[in-house]
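For the sequence shown, the numbering used here begins at 1 and goes up steadily by one.
We put the CB at the ideal spot given by N, CA and C, even for glycine.
Here the structure is a predicted model, which means the values were calculated and not measured.
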Amino acid sequence: MDYTLIELQIDHAVATLTLNRPDKRNAFSDQMRSEFIDALESITADKAIKALVLTGAGKGFCAGGDISGMQKRMNAPAGEVGFNGWHRQQRVHYTQSLLHTCPKPVIAAVNGAASGLGADTALACDFIIASEWASFVWSYIHRGIIPDGGGMYFLPRRVGLSKAKQLIFSGRKVDVDEALALGIVDRKTSADALLAEAQAWALELSQASSTALALTKTILNQSFEMSSHDVFAQGSQAQGICYTSAEHRASVEAFLAKTAG
């Protein structure tokens, strides 16, 4: 697929995916979502790519859903609104699931405002690094809707249930310093250094075993919903796979050679 509303660059096994509708503050249109899905599927399948950085072009990270799309949805015949909405939600959820379950480290480099679905998209990543211009707002309540991009799942796991309710119920803006204090953001840096620091962090994480990272991430993503028994059981299966990996063998052999020397 040829991309016009996103940009994908790969350097030293790190993919950088840029939302590229700066005139719309990178709000998701149907076309942009289709391109985004295609890129995420490609990144997930490409074993040469070890980590992913997600950012936005221009002054904003992502303004969420495109208002023109909301208007189009409301203008549909009354008997089709419900099913059309359900179908649209399937696409949104598939997109967010691809991002959340990508078997590689994913870092959101939040360069500006992350609103609504944009804030949820940042949360779907493993880590968030933000510039001094970044802000977050779960603005759904102002449109009479609920967080549909995973915010009701991801945000309580970042800040706790009570604080998540406060942010979602109020729809107020959170600046980068408060976001850092709350645990929404993992690191803060300058706008000039943001992308380079995010890519350097991704490169650092990409040096680890891809097999071990993918299996560990899969289990950790489910660990709040599982019992300790289930975590140990899945861990045992994952470790058995790790034992057979080329990365594990090479690491052990290198350690033994160094020790023997």
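For residue 173, the enclosing beta strand (DSSP E) covers residues 173-175. Within a 10 Å sphere around the beta-carbon of residue 81 sit fewer than 16 other beta-carbons, which makes this residue exposed. Look at the segment 19-91 and you find these whole runs of beta strand (DSSP E), each 3 residues long or longer: 51-56. Taking the CA atoms as reference points, residue 48 sits about 31 Å from residue 224. For residue 54 against residue 8, the beta-carbon gap comes to about 11 Å, at or over 8 Å, which does not count as contact. Here residue 185 is buried: its Cβ has 16 or more other Cβ atoms, across all protein chains shown, within 10 Å.
Here residue 63 is near residue 118, since their CB atoms are less than 8 Å apart. At least 8 Å separates the beta-carbon of residue 61 from that of residue 13. Annotation: the continuous beta strand (DSSP E) that includes residue 110 extends over 106-110.
Residue 160 is positioned such that its CB atom lies no closer than 8 Å to that of residue 123. Assigned with DSSP and collapsed to three states, residue 5 falls in coil, not helix or strand. In the same chain as residue 198, and ignoring 5 residues on each side of it, the C-beta atoms closer than 6 Å to its own belong to 53, 107, 109 and 129, in chain order. Considered as a whole, the segment 111-155 harbours 117-123 as its complete alpha helix (DSSP H) runs of no fewer than 4 residues, in chain order. Three or more beta-carbon pairs drawn from the segment 233-248 and the segment 206-215 are found closer than 8 Å, and the two stretches are therefore classed as touching.
Contact check for residue 219 against residue 239 fails: the beta carbons are separated by 8 Å or more. Just so you know, the alpha carbons of residue 126 and residue 94 end up roughly 17 Å apart.
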